[in-house]
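Residue numbers (our numbering), protein chains in the order written: chain Y, 1370 to 1579; chain E, 67 to 271. Beta carbons: idealized from backbone N, C-alpha and C, even for Gly. Bear in mind that the values here come from a model prediction, so they are computed numbers and not experimental data. Structure record follows, encoded as structure tokens.
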Amino acid sequence: MSTRKVPEDLAQYIACPNCDALYTAALPEEGGRAVCARCHTVLISTRENAGIQVLALSAAVLILVIAAVFHPFLEIHASGFGNRVSLLDVATSFRSGTLVLVSVATVMLIVLVPLIRTLLLIYVIAPIELKRPPLRHAKGAFHLAQELKPWAMTEVFSIGCAVALVKVSDLAQLDFGPAFWMFLALSVFVVINDRYLCTWSIWAAIEDTP
Amino acid sequence: MITARQSGLVACRSCGRVWPLGTPTCGRCGAALVSRDAKSLQRVMAWWTAGLICYIPANLYPMLVTTTFGSEEKGTIVGGAIEIARHGDFLIAAIVLIASVMIPVSKFIAIAYLAHSAWRPRPGGALRRLHLFEATEFIGRWSMIDVFVVAILSALVQFSVVASIHPGPAALTFALSVIFTMLSAKSFDPRLIWDGETIESPAEP
Ligand SMILES: [Zn+2]
Ligand SMILES: [Zn+2]
């Protein structure tokens, strides 16, 4: 194995998380992306006003998540009976024994994790955009936000609503409630948000915080 | 091209920063640093096995228990999909089958193949294997659809004697199976894929 002498200042390097290729980090021109030559993973992506857009989308996600919890997302009408459920009802739907765990997991994955992740991103990115020093524990907050990313499942839940609608179509008539449309919008916002988010730029910006 | 390891450095997978080999934690983001996570394959296979063990009862036991006028009907994952297809909604039946059967099964096969090939690195096909890994990571969460459907229906259909829907034991084991396989994929260190590759001439990013 060949070992090359590397200069002392390691901060100027960036390594690909997927194949370990080492590069000298160079900020691409506005709107450009630095892509790993070996495995094509996007290492750095810059976009004009990316921070502001992430903040705006995060604020929208925050409002939508909270509103979606209290509004019904599905309404059911069957001969003389009617029912409308919000996420709070889903949270309490599994009453018997160990199946409570399923409802706990459902609420975590579709409400709590997206909510916490959005709050963490706002906490980390807002000071950067306002040209202020990062807040305390910004690094830990951003690390946690990245770890939570695969566990936010709002878009999966939206498709689940559609499947549920068909599944009981012979039993009763189902209609989408306002929260369903909020969830759909939410899912789109979360996906766009993650495309704008450049992990490397944020780490570089909060590097020197305690 | 040169890797961080060949330069005597260890890379942080979470933030991209590099440190001298042997540094225990990343000074920038606090993540634990390992040049090549050799133990990662053991973790991958441990979660993989747990996921597989949970997937078997998830298919045998009922997912949904529907009570209409006192008569009880128990539906498994595959049974439920067949029921939907019988009503003519082939698209929805396909979504359920893909999310609950095809995705989990191909995930088990893909992870086992990736772990096996990382155990004995060979040159060739690394890019293809990385794409397989990224696809595995991406599609895993979509298996949760059926669990969410059960949660939604159990909350929605509660009309005392006329009709009520309750979750069956498979709802829990299936959810656990999805979570365990997601953890299995997450434990995999994709840098292991590249170790058998020969390094080409230097290139700029
Ligand atoms: Zn790479
Ligand atoms: Zn780091």
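Range covered by the beta strand (DSSP E) that runs through residue i
i: Y:Y1382; result: 1382-1384
i: Y:W1572; result: Careful: Y:W1572 lies outside any beta strand (DSSP E), inside the alpha helix (DSSP H) at 1568-1575.
i: Y:T1475; result: No beta strand (DSSP E) holds Y:T1475; the alpha helix (DSSP H) holding it covers 1469-1476.
i: Y:T1393; result: 1391-1393
Supposed contact pair residue j and residue i - C-beta distance, whole angstroms, cut 8 Å
i: Y:L1489; j: Y:L1513; result: 6 Å
i: E:V216; j: E:L130; result: 6 Å
i: E:R207; j: Y:M1522; result: 6 Å
i: E:L196; j: Y:C1408; result: 5 Å
i: Y:F1439; j: Y:C1530; result: Going by Cβ atoms, the distance from Y:F1439 to Y:C1530 rounds to 16 Å, so no, they are not a contact pair.
i: Y:L1468; j: E:P128; result: Not quite, the Cβ-Cβ distance comes to about 12 Å (not below 8 Å), so this is no contact.
i: Y:I1575; j: Y:V1493; result: 7 Å
i: E:A236; j: E:I148; result: Their Cβ separation, rounded to whole angstroms, is 15 Å, which puts E:A236 and E:I148 out of contact at 8 Å.
i: E:D155; j: Y:V1537; result: In fact, because the Cβ distance is near 12 Å, the residues do not count as touching under 8 Å.
Distance CB(residue i)-CB(residue j) smaller than 7 Å
i: Y:P1351; j: Y:V1423; result: For residue 1351 of chain Y there is no data in the structure shown, the boundaries of chain Y being 1370 and 1579.
i: E:I150; j: E:A159; result: yes
i: Y:A1390; j: E:T69; result: yes
i: Y:S1587; j: Y:E1524; result: Absent from the model: residue 1587 of chain Y. The displayed extent of chain Y is 1370 to 1579, so no value can be given.
i: E:A241; j: E:V213; result: yes
i: Y:Y1565; j: Y:A1403; result: no
i: E:C254; j: E:V84; result: One detail in the question is off: residue 254 of chain E reads as Phe in this sequence, not Cys. Against a cut-off of 7 Å, the Cβ pair of E:V84 and E:F254 comes out as no contact.
i: E:C78; j: E:L99; result: yes
i: Y:A1548; j: Y:A1395; result: no
i: E:L163; j: Y:N1452; result: no
i: Y:V1476; j: Y:F1558; result: no
i: E:P170; j: E:G262; result: no
i: E:I218; j: Y:A1406; result: no
i: Y:R1416; j: Y:G1401; result: no
i: E:F199; j: E:G117; result: no
i: E:A201; j: E:L258; result: no
i: Y:N1562; j: Y:L1426; result: yes
i: E:T132; j: E:I231; result: yes
i: E:G96; j: Y:I1383; result: no
i: Y:H1446; j: Y:Q1542; result: yes
i: E:W114; j: E:I177; result: yes
i: Y:R1486; j: Y:L1456; result: no
i: Y:L1553; j: Y:S1527; result: yes
i: E:S220; j: E:A165; result: no
i: Y:F1545; j: E:F225; result: no
i: E:W260; j: Y:C1388; result: yes
i: E:A112; j: E:T239; result: no
Bounding residues of the alpha helix (DSSP H) (the contiguous stretch that carries residue i)
i: Y:F1552; result: 1547-1565
i: Y:S1427; result: 1419-1439
i: E:P123; result: 106-126
i: E:K252; result: 235-253
i: E:T91; result: It is not in any alpha helix (DSSP H) - E:T91 carries neither H nor E in the DSSP assignment.
i: Y:P1496; result: 1482-1498
i: E:L219; result: 211-222
i: Y:H1581; result: This structure leaves residue 1581 of chain Y out entirely; chain Y is present only between 1370 and 1579.
i: E:G262; result: From DSSP, E:G262 is part of no alpha helix (DSSP H); its letter is neither H nor E.
i: E:H182; result: 169-185
i: E:L163; result: 156-163
i: Y:S1527; result: 1523-1536
DSSP beta-bridge partners of residue i
i: Y:Q1542; result: Y:H1446
i: Y:V1413; result: Sequence check: residue 1413 of chain Y is Ile here, not Val. DSSP, once it has assigned bridges, lists Y:A1403 as partnering Y:I1413.
i: Y:G1451; result: Y:H1446
i: E:L139; result: A small correction: the amino acid at residue 139 of chain E is Glu; Leu does not occupy that position in the sequence shown. Answer by DSSP bridge pairing, in chain order: E:T132.
i: E:V84; result: E:A77
i: E:F225; result: E:A229
i: E:T69; result: Y:A1390
i: E:A201; result: Answer by DSSP bridge pairing: none, since E:A201 is not bridged.
i: E:A98; result: E:T91
* Whose beta carbon lies closer than 6 Å to any heavy atom of ligand 1, going through the chain in order? -> Every residue passing the under-6 Å Cβ criterion appears here: Y:C1385, Y:N1387, Y:C1388, Y:A1390, Y:C1405, Y:R1407, Y:C1408, Y:T1410.
* So which residues touch the region around ligand 2, with touch meaning a C-beta under 6 Å from any heavy atom? -> Listed by position along the chain, the residues with Cβ atoms less than 6 Å from a non-hydrogen atom of ligand 2 are E:C78, E:S80, E:C81, E:R83, E:C92, E:R94, E:C95, E:A97.
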